Every structure is written in C-alpha cells, then in structure tokens.
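Going by full-length UniProt numbering, 108 is the number at position 108 of the sequence shown; the sequence numbering is gapless.
A virtual CB, placed ideally from N, CA and C, is assigned to each residue, including glycine.
The structure displayed is predicted, hence computed values, not measured ones.
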Amino acid sequence: MSEDQDNPTKFNNKADGKTNPKDLVRVERQEFFSGPLPHPQVLAGYEQICPGAADRIISMAEKQSDHRQGLEKKVTASNIDNEKMGMYFAFLALLAFLIVGTVLLMCDKELAGLITLIATGGVFIGNYILTKKKEKEISEKKKKKIKTEEEEN
1 MSEDQDNPTK
11 FNNKADGKTN
21 PKDLVRVERQ
31 EFFSGPLPHP
41 QVLAGYEQIC
51 PGAADRIISM
61 AEKQSDHRQG
71 LEKKVTASNI
81 DNEKMGMYFA
91 FLALLAFLIV
101 GTVLLMCDKE
111 LAGLITLIAT
121 GGVFIGNYIL
131 TKKKEKEISE
141 KKKKKIKTEE
151 EEN
C-alpha cells in the first residue's frame, strides 16, 4: 500500500497528487453533560479506581439535593409568613385610620375626619392599583419570554 493510501487525512488521491478542497470532509463531535452527577463513564472510572466511590458520590448528590429542597421549603414558608404579616399590619393600619377618621367626624372635626378617611381610602386604593399594574407587567414579561423561547425552538 502506498503512503497516501495509509494517510487517513487524504480523501482524494489523484494522479497529479493534488487534493480537491471540495473532497475534504471535516467531522467534529462534541459531547456535553450537565447534571448533579458525573457522566456515567466518569462515574464508572471513579468506581474502577476506588470501589464504592460511585455509591458515595450518588449519596452525596442525594444529600445535597435534599438539603437544597429543604432550604427552598423554608424560604417559601418564610416568604408566605412575611406576606401574611404585611397583610395583617395593613389591615390594622386601615382599621386604625378609619376609627380615627370616624372619631374626628363625631367630635365635630369634620374637615380633619374627612381628610383622614379620604386619604386612607386613597392610599389603599392606590396601592391596590399599583400592585395590579406590577402584576400585569410581570405577567406580560413572562408571556413575551415564553413566546421568544418558543420562536427560538
């Protein structure tokens, strides 16, 4: 066999010894792996080097996953508690201002009582409107994000 035939980088052996660039083929292979555990081949390599290592690695990943999920549950519960406390305090503030406004009206302080009641209502209605507006904006951003992701795929 000739030297040219043994060379795998040459795909076209013409009589003049020139290779046509159109006859060349480039093959590239890439492999990506992502996850809490190493690639199965890597895991098998660890097991070969140190028997029992694969079980320890899997156990470590399971413990980390349980720990992360436990923290996420605590954060979620804490956020819910904080939101409830905020609602309770807002209700108490509303009630206090309504009582103060009513007492002022009953004590012949009509202007102060009306201003207190109107301002209290305005603050809470304004807060409600702003909250709904922010929720709508967030919802629209999520819809746009989903739509662009679907278009990319």
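inquiry  = For a test of the three-state rule: what should DSSP assign to P38, helix, strand or coil?
reply    = Your numbering for residue 38 matches position 38 in the sequence shown. Looking at P38 - three-state DSSP - the assignment turns out to be coil, as it is neither helix nor strand.
inquiry  = Using C-beta distances below 8 Å, list every residue in its chain close to L98, excluding the 5 sequence neighbours before and after it, in chain order.
reply    = Stepping through the sequence shown from its first residue, residue 98 is reached at position 98. For L98, where only same-chain residues beyond five positions count, the Cβ hits under 8 Å are L117 and T120.
task = Mark G70 as exposed unless 16 or more other C-beta atoms lie within 10 angstroms of its C-beta, in which case mark it buried.
result = Taking the first residue of the sequence shown as 1, we reach residue 70 at position 70. Label assigned to G70: exposed.
Assigned exposure category for G35 - 16 Cβ within 10 Å defines buried = Along the sequence shown, one-based indexing puts residue 35 at 35. Classification for G35: exposed.
ask   = Cα separation between M85 and I138?
value = Locating residue 85 in the sequence shown gives position 85, counting from the first residue. Locating residue 138 in the sequence shown gives position 138, counting from the first residue. Answer to the nearest angstrom: the Cα atoms are 23 Å apart.
key: Straight-line Cα distance separating E140 from D66   = Taking the first residue of the sequence shown as 1, we reach residue 66 at position 66. Taking the first residue of the sequence shown as 1, we reach residue 140 at position 140. Distance between the alpha carbons of D66 and E140 is about 34 Å.
query = Would you call G101 buried or exposed, if buried means 16 or more other Cβ atoms sit within 10 Å of its Cβ?
reply = Counted from its first residue, the sequence shown places residue 101 at position 101. So G101 counts as buried.
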